Ligand SMILES: [Cu+2]
């Protein structure tokens, strides 16, 4: 389980975008995004650093918790 703190999400569209980014790194990822807190839990085999880079490339801030 990878836990990330993502900034810059403002709506359900952002949540879907972050989910899509993570699933593009790992099709089998199970992703739970909490919009209010910016907390993202991802059950995935992808490395945290890969997810952080991909989320940042999509225009959000991200760091591993
Ligand atoms: Cu949005």
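Numbering (our numbering), first residue to last: 416 to 480. All residues carry an ideal CB built from backbone N, CA and C; glycine is no exception. The model shown is predicted, which means the values in this text are computed figures rather than measured ones.
- Residue 449 is bridged by DSSP to 454.
- Each residue's CA atom was taken as its position, placing residue 473 and residue 433 some 8 Å apart.
- A residue is called buried when at least 16 other Cβ atoms come within 10 angstroms of its Cβ; residue 459 meets this threshold and is buried.
- Secondary structure of residue 463 (DSSP, three-state): helix.
- When secondary structure is reduced to three states using DSSP, residue 473 falls in the coil class, being assigned neither helix nor strand.
- No residue range can be given for residue 425, since it is assigned to no beta strand (DSSP E) and is classified by DSSP as neither H nor E.
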